[in-house]
Structure formats: C-alpha cells, structure tokens
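A.B. asks:
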Amino acid sequence: YNHVFFLEGDKLTYTNAAVHEIETSTNVPIYKRQYRFPEATKVHINEQIEEMLIQGIIKPSKSPWNAPVLCVPKKADIDGNKRYRLVVDFRALNAITKPFVYPIPLISEILDNLGDSKYFSTLDLKSGFYQVKIHPKDAAKTAFSTPKGHFEFTRMPMGLKNSPSTFQKLMNTILYELSDIKVVVYIDDLIISGKTIQEHNENLFKVLNAFDRHNIKLEPEKCQILKEEIKYLGHIIDKNGIRPTNDNVQTIKNMNRPKTIKDVRSFLGTVNFYGKFIPKMAERRKPLNELLKKGTKFVWTEECEKAFNELRSFLISEPLLIRPRYNDTFVITTDASNYAIGAVLSNEKTTDRPIAFASRALIGAEKRYHTIEKELLAIVWAVDYFRHFIYNQKFIIYTDHKPLISIWRLKETSSTLTRLRLKLQGLECDIRYKQGKENIVADFLSHLTPCDAKEEDQINGNDNDRQNAEFCKQALAVTRAQRRKEQNKPENQLIKEADQNNVKTHLNDLNNLNVFDDGLNDPNTCDPSKNMYDEYTEKAKRDLIDTKFFEISKHMIHDKADAKLVILNSKSAYKEISKICDVPHGIKDFTKDNIVVIPDENVIGLILEGKYNSMISSRNFFQRMYECFNNCPDFVQSAKNIHVTSFRKIKQFEIIQMIKFFGDKFRKHISLYNSDSERITVDEKEIETVLQEFHDAPLGGHVGAKRMHKRIGTIYEWKNMRRDIENYVKQCDSCQKNKICRSNKIPMKITTTSCVPFEKVYMDIVVLPESEWGNKYGLVIQDDLTRFLTVVPMENQEAQTVAKTFVENIICKYGAPDELVTDQGANFMSQLMKNVCKMLKIKKINTSAYHPQANLVERSNREFKTYLRQFVGGNPHIWDQMIPYFTFEYNTTVNSSTDFTPFELLHGWKAKIPTSIYNSNERYISYRDYCDEMKNNFKVIHSKAKANLILSKEKRKQIYDKNTNHWQPMWGDLVLVQANPTGVGQKLQSNWRGPYIVVELPSEQTTVIKNGNKLEKVHNNRLKRYYE
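For the sequence shown, position 261 matches number 261 in the UniProt record's numbering, and the numbering has no gaps at all.
1) For Asp10, is the classification buried or exposed, using 16 other Cβ atoms within 10 angstroms of its Cβ as the cut-off for buried?
2) Measuring straight from C-alpha to C-alpha, what distance separates Lys74 and Arg421?
3) Would you mind reading off the limits of the beta strand (DSSP E) that contains Lys133?
4) With Ile54 as the anchor, note down where its alpha helix (DSSP H) starts and where it stops.
5) Would you check if there are 3 or more beta carbon pairs closer than 8 Å linking the stretch 682-690 to the stretch 572-583?
6) Report, in whole angstroms, the separation of the C-beta atoms of Glu858 and Ser671, which I expect to be a contact under 8 Å.
7) Asn203 and Val183 look like a contact to me (Cβ under 8 Å); what is the Cβ gap, rounded to whole Å?
8) Using CA coordinates, which residue listed in Lys1017, Ile557, Asp138, Asn895 is at the minimum distance from Ser952?
9) Taking Thr892 as the reference, which of Asn602, Asp973, Thr790 has the closest Cα?
10) My output table needs one value for Gln467: the three-state DSSP class, helix, strand or coil.
11) Which residues in the same chain as Arg993 place their Cβ atom closer than 6 Å to its Cβ, once the five residues preceding and following it in sequence are excluded?
12) Quick one: what's got a C-beta closer than 7 Å to Ala705's C-beta in the same chain, skipping five residues either side?
13) Tell me whether the stretch 561-574 and the stretch 533-542 touch, counting them as touching only if at least three CB pairs, one residue from each stretch, are closer than 8 Å.
14) Going by DSSP in three states, Ile363 sits in which element: helix, strand or coil?
15) Taking the runs of the beta strand (DSSP E) that are 3 residues or longer, which of them lie wholly in the stretch 797-841?
16) Got a sec? Which residues, its chain only, sit under 7 Å from Val132 by beta carbon, not counting five neighbours each side?
17) With distances taken from CA atoms, which of Trp718, Tyr673, Asp733 is nearest His695?
18) From the DSSP output, in three-state form, read off Ile407 for me.
19) So which of Ser117, Asp593, Met625, Lys548 has the shortest CA-CA distance to Ser529?
20) Label Ala67 either buried or exposed according to how many other C-beta atoms from any shown protein chain fall within 10 Å of its C-beta, with 16 as the threshold for buried.
21) Excluding the 5 residues preceding and the 5 following Thr142 in the sequence, name in chain order all residues of the same chain whose CB lies nearer than 7 Å to its CB.
22) Under a three-way DSSP split, which group does Ile580 fall into?
23) Hey, how far is the Cα of Lys374 from the Cα of Thr26?
24) For His1019, which residues in the same chain have their Cβ closer than 7 Å to its Cβ, ignoring the five residues on either side in sequence?
25) Can you tell me which of the three DSSP states Met882 falls into?
26) If we count the other Cβ atoms within 10 Å of its Cβ and call it buried at 16 or more, is Cys735 buried or exposed?
27) So, using beta-carbon positions, are Val566 and Ser646 closer together than 9 Å?
28) Enumerate in chain order the residues of its own chain whose CB-to-CB distance from Lys910 is below 6 Å, with the five nearest sequence positions on each side excluded.
29) Give the range of the alpha helix (DSSP H) segment to which Asn1011 is assigned.
30) Taking all protein chains shown into account, do 16 or more other C-beta atoms lie within 10 angstroms of the C-beta of Ala378, making it buried, or fewer, making it exposed?
31) What is the DSSP secondary structure of Gly713, counted as helix, strand or coil?
32) Can you tell me which of the three DSSP states Arg619 falls into?
33) Going by the beta-carbon positions, is the gap between residue 1040 and Phe144 smaller than 9 Å?
34) Leaving aside the five residues before and after Gly586 along the sequence, list all residues of the same chain whose C-beta is less than 8 Å from its C-beta, in chain order.
35) How would you call Asp430, buried or exposed, if buried means at least 16 neighbouring beta carbons within 10 angstroms?
36) Evaluate Phe758 with the Cβ neighbour count: other Cβ atoms within 10 Å of its Cβ, from every protein chain shown; 16 or more gives buried, anything less gives exposed.
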C-alpha cells in the first residue's frame, strides 16, 4: 500500500467522494484590504504560493472577493532557520456563511466502540482538508492576495466555518461500507483495532483499500501501526481499557512548595474553591494558615510540608478530577500572569468539579506581551491543549480580562492579537467574563512556574539568607508614615528589633532607603502653602483648572508683559537672568530664600537647585511659586499679564499644571516660554489631558492632526506622539460629524436598458410658484428608452392627485409600464400608489433617500426650470402655460445618449417643426408600405437607441469612476450618515449624524442601518466610517 502514503516529491491528489460548498446569506463580494507583509516573510510566502500552485491547491484568480493573509511563525527547522505558515483570515466570509450541520461523533461513543481490543493502529491524513475539492461556483469566495498575485483555493482550506463538518461527512461516506470492522473516526483521527493480530490486520487492509479507491493519501510519519498502547483523543488506550493521560494532572503534581506568603495564599485559595470535596479540609490546612497570621515569620516546617502534600494529593485525586461528560458543554477557564498562563477544563453543569488542569511558563517574547495579549494567548493555548474535548463543538471560555469578550468586534488590533485571534476562527466558542476574585483556580495555575536552578539554590540555602531576602523585599514597600515612625525610635531599639529578626546586616539598607517625603501630607507640618496645595491637588484630580489664563509663548522676552517671572538654576542663575535684564552687580543683593526680586525691571525669579536638565522637585517648585505670588511685591500684585521664562528643562507635566493653577488662582494671564530644545516630557497618564487642551478646548479649535502635531511638538514630547495625535483626531466625535471631508463615492453601476418604449418610466415632482390657474406643482414623467418627456401641472401633490394624473396622462395614452421609478416622497410611497401599481402589475422601484442621481428625470427637471427662467421673465405665474412648448422643444431635440429625438423613437417619424423657411417634399405611399416601413423603422431605431444608451452609460461610468473613493461597509460597522440640515441656523448644524450600526447589505449600492427602533435604507455615497 505504498501508493496510499504520501512521500516527498509526490503530488497531492484529491478525492471525488465529497465537494465543499460555501453557501452565503448574500452574494455581495466582501473585499478586505491586505495587511502589510514584513519584508523578511515575503520570500517564505512566495515559496509556499509556488508549492501550492504546483500541488494544485490554489490557482490565479480574478475574483472580486478578497481575504487578508498573515504569515504566522512556526517552529524553526533542524538547522535553526525560521519557518512561517501562510494563514488566510476568513472571519468576514465565515460571518455570512450559512452553517452546515453534520453530526460529529461523541468521543465517549468512539471509546466505547473499541471494546476489548488488544491491538491498535492510528492513521493520519496528509493535509486532509486539501484533499477535498471546493465547488467551482464557490471558489471565488476564497480569494486572497499576496505580493505574487491574486489567487483562489481549488481545495478546501482550513479556517472555513463548515470545513470540519464536510470532512467528517467525507470520512463517514468512505467508511460506511466498512461497518462490520472496528474502525472509528473523529474528523481526521482514525483508530483501527482488533482482538488478535490477524483481525487487526484484516481491518487495517480494508481501510487502506477504501482509501485507495477514493484516492485518500496518508502521512506516514504520523501513523502508528500495530501498537499495544496508543494515545488517542486525550486518552491512553491499551488492552486493559481506557484511562485519562497523566498530562492533565502533572501541572499541580510537579509544582514546587510555596516560597512566599503570596504563594501560600494562592495555593489555599484553590484549596478553598474545591474544599467541599476534601475531607477535613480545615484541619489539614491549619499549619499553612499559621503562616498567614500577622507578625509571624515565614518558616516552612515539616507540618507545613505534610499539609501541602496532602492537600495537593486531594487536588489531583480521582474524586476531584472527574471524567468528562461529552453530552454536556465544556468550559475552559483561563488566566495569565507576568510569567505563566493557566487553564482549567470542566463541564458547564459541574463547573466546580475539574476535569483537567494545565499551565505553562511564558517564553521569550511572550513575557513582553501586553496584558490583553497574554490573556488571549492563555485562551488560544488552552483551546489547543484541550482540543480533543472541544473540537467542532460549542464550548464556553471564562476569562477575568473583560476586553476579550469583544475580541471579534475589534477593528484595529496589534499583529500579535490578530495572529492569536486567527487561531480561534472557525471554532464555536462563547467568551464570557468572570471576575478575578471568582477565577481562583486559573489564577493559581497561571502563577505556577518552575524556578531556575540558580534561584532555587539561593532560596533553599540557609534560613538566614532566605529571611534576609524577604526582609529586603518588605523594606522596599515602607511608607512615609512607617518611615517617620522608624526614624523616631531610638537607635538601640532598632538594633534590638533587628537582632530579634536576624536582619542586623540589613539595618543600613533600611535607613538609607530613598523615600520621597514632600511634607505636604504631614498633619504636623505648619506650612502655610499646604491648603493651597490641597486645593491644587483637588482641582488637578477633577480637571477643574481653568486654562484660559495660560498660553505658550515662542519669545523669551515679552514686551507687553506687566511682570516677568524667571525660573533659574542655582548653578547659572546670574548668567540666565542677565538675558532678561541688566544686573551689573550680581543678584546677591536681590535674593532672599531663593526668591529674586528686581523691582526696577519688574522681574521676579525663583531659583531651583541643580542644572538646566535636572529634575524639578514638585515640592520646592510649588513652595517657591507660592512665595512669588502670595508674598509678592506690588508690581506682581497689580500685573495682569505675567511672562514666565524657564531656564530649567521642564520634564514633568505636573509643573505645567502648577503654573496653570497659579494663573487660575490669582486670575493672571501667564505666558510660558520654553525653547524647542527644552520640550516637556509628558507622562503617559497626562497625554489625554494635553490632547484635550490642544484639540477639544476652544483654543484648540479641533484642528487637524498635522497642525495639531506642529503646535504640540514645540512644547511637549512623548513616545509615539504623532500616532497618538492622529488616532485622537481620527476618533474625535465632533470632527467626524462637523468637518468637511471627502465623502464616499462608490463606482457607478450600469442599470438595465429597456427594449421597447414605456417599458420603464421615471417620475418626479417639481415645485414651482402658484400660477394664475392655481397650479403649484409639475408632475414630470420620462420614458427610459425613448427619453420621451411628459410634464403635467397639478394644484397639489397629494397622493390621490398624483395617482390620477399618472393614470390619465400615461396609462391611458401609452399603456401600463412594467416598472415605475420614483423617490421616497410620501405621495409616491402612499398605500394608494402601491395599490395602483399592484392592480396594474407595475413593479414599483424606490431610489435611496437624498440620492437624486438614481432618478433619470432629475436632469429633465433642471432643464425645465432653465427653460422657464428664460421665457416667463418677470411673470412667473404663467409657467404652466409654457409646458406644451417646452415638451415639444425637448421631445423634438436629438438626445445626446440615444442620438435620436424622443419624438422619432416613440412615433417612428420625425416631427415637422414649424419654421418660416422649409422645402415642400410631398410623398405618396400605400397603407401597406407605410406599415412595413414603420415596423422596419421602429426595429432599427430602437435597437440603435438601446446600443447608444448602453455605450453612453459606459462612457459616463468610465469618467465617473476616475474620482471614486470606494469604501464598502460591513455587518456590525458603525457609520455616520450625511445630514441634510434644514431650518434656522442650518449652516451651523452638523454635516453628519450618527453613529449607527449596519444591520444589512441589500445591494452593492445601499446599506440598511438601525436608527433607534427603525431600519433606514441609505445609499453608500452618504455613508462614512465612524471611528470609536
């Protein structure tokens, strides 16, 4: 059977026993923009594309569909070379794919079918999904793009919603005729068994014969032939029966004993969670409880070791680890820490009884993941670890990281999140949130990680070293109050206490701790600035500081300032103040308590210790600013405008906030000068405040990202500043609704063209001044093929009047059309109009709201108004008397689209136009010849007119599509709709309204949105994407 096995160099064939179909809820193509490929992966992508082309798995495509492609790293090869796997992101296609339900066998039934067999073989297919063809009509839906071109799958790819069901059906079809042998299959995992070697071999040969007939290839490296013990679907199977694998409990079984109080608390938390299954739990955990008492030293005794081992043995015992119930929904609970991830498998009805534990340490770059990436990694790893239980079944995932419950709806994610999320596509999992305090076991498992040898040696050394290490960790957490309390103790008492705790060698470390104590929170401090500092703290916390008294200046010296405040450095104070004013004899005589006052120059300054690039002590700065403003000379008190020049590089945003506070407090306008080379470094928590001030505030003016970056860049700096500014402006709700931007403009769609006159007509109403005959409206009707125009004056535009006019002037003269196109006016949408169309079997078509381009008659309305402006002159009340003349002029003029006059296309001959000069050309013809000639004329001119119309539409489309700005909304997207403001102040109303959620895509041109409790159909040209 060597031809059944796939060997290197063979071409991967396919079976004819099954064909995969992709039935979607809509045929509107979904085009997702391709992600950018890293340069290092392009070579690997091209190699895989070339191999898939050779194997016939893909082929070049012209499909309008497109799914993005990712390159996911795989394990390095034997030589250490990096390898990558090509992955297609089919999430958008899966969202509209109708589910194909095919029963997947229960694992319990599969295991029961093995009976008392003694010999086993497992078979694994070579790229099983790639051995199934995709139906040609659905292949275009799997299209994707790479730098090498646009391709589509000819074989069933991984990641599609119904791929597992199709494959299970294929295997059942092939093995159906082998019902008398012992062979079971779960997706692509087959196991063949037998009581004797002869029986086993006969069963194996029958399966191989079936695979040979249906052209199925096997992977020889992954097949196990004639074994007495095998691992299958998470179980060990041998002649004695079936038992769970030991991997499920190894995580807790091999854990090290707790080394810190935190480890003890974590372990006991898990014990408490499963306490009702552990007999005498309170008594067994008593030695460990003693370690948690306040003031008790952490000493691991023999009683602690015994209690730990007993409790651990109960956690992994059979009464606690129950067997899985396959008729119940599986639940996976996950958690991640800074160095490990953990998971627990259980059933929904017995969530408190675990089936298996799992955890592993984070490796390499995983330790540098953000929190959300670590939590998602825990989910992906747990799903893969427990895949034999939950594959192709609905299951529940519990996580204590709430943002992950909306992971499928995130639009913009990191490459790591995208890669991890792709591994979950095609799985029916429900991600739910569980509070951290309830997620005890998974949290405990995520903190289990083996210590390296070096750390174990240090911890397992003498007790004094371990206690000293613990003391160092505690010393780093000393608070200001504890610090003061320790400093107030006599030195001999400190030494005595240190000796008692075996920490004498670390006493100096405690005394030398660099603890920042600003003194402002000390109740014993009699600083008069404390109340004002408390006021500043409260205002800063609640963002109540009024910024209208503060601005940034580009000039070191401001001539219009009433006073000058200078921030000086102690190392170069005289040199710096000399740039502001002339101080011939130094500043010593003008300085007291680090405050410089030069009344003749209206200059006041404060001196800070250090150099120009030293960090500013917020305590000292606030105290000296307080002195400058509270105990200030007369020129400062009377000043309304104060110019602040800082020769110290301000690195803390808090310093700027303090300057703003003093301006707000004393109601003085402050301008701050800071050179370009001395920009302020903003803390991450203060970035939002800066962005709001420079964008949302009245002085910010909601400027664009480029202008905003130029303004902020002269003052502040932080990492990824440009990206943060662009994202902030992009997501600004006010800017999205009020700014003029390039709206969406989808490619023009060529509509169908009628074959005979009045097969399809367009109708609209034009509003005009009241005429002498009492008419206020004109009903304009135009034929699609001939462009023949009819205008009828009306006194009102009520539904009854419109319907009557339409019937009398169109139906009674030219017959009932097949289709009638109107806008969504109330008269056209009335029940009366619907009944008229239904009775006459007319298909009623409504254009999108506020999209007049879809109605052919709109152009005729414009020409009608232009004609009236030129002929009614100063008497607009006679417009209805000019209608016959206008319609005659329009219908006897050659149309630019058809190259015929509407009159000729309708009647078959050219109208005789009244003129003062004409030639008489009388012609005599029989009635029969006239009929034949008319038939020929109609046939020729109608076909020519249709051809000209189609050519004209194609030319207009070519010109129109040059300036398209195509964006196609998707289900669930948030969009803004172009507003049509009316009434007083309409020019100051928002240009866009929303956001609304997309609920349906009825066509390529229109979208249905949910507006409150009603659904609204909108043309895509009136939509734009909303960024949250």
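For each residue, glycine too, the CB sits at the ideal point set by N, CA and C. On a predicted model such as this, the values are computed, not experimentally measured, just so you know.
C.D. replies: A quick look at the data gives this:
1) exposed
2) 16 Å
3) 132-134
4) 42-55
5) no
6) Not quite, the Cβ-Cβ distance comes to about 56 Å (not below 8 Å), so this is no contact.
7) 6 Å
8) Asn895
9) Thr790
10) For Gln467, the pLDDT reaches just 36, beneath the cut-off of 50, and the residue's location in the model is therefore unreliable, although a value from the coordinates is still provided. Three-state DSSP puts Gln467 in a helix.
11) Val977, Ala979
12) Ile725, Glu726, Val729
13) no
14) coil
15) 819-822
16) Tyr14, Thr15, Ala18, His20, Arg155, Met156, Thr166, Phe167, Leu170
17) Asp733
18) helix
19) Met625
20) buried
21) Ile134, Glu152, Phe153, Pro157
22) coil
23) 36 Å
24) Ser848, His851, Gln1005, Thr1006
25) helix
26) buried
27) yes
28) Glu904
29) Taken as a continuous stretch (DSSP letters only), Asn1011 belongs to no alpha helix (DSSP H), being part of the beta strand (DSSP E) at 1006-1011.
30) buried
31) helix
32) helix
33) For the chain, the structure presents residues 1 to 1028; residue 1040 sits outside this window and is missing.
34) Tyr574
35) exposed
36) buried
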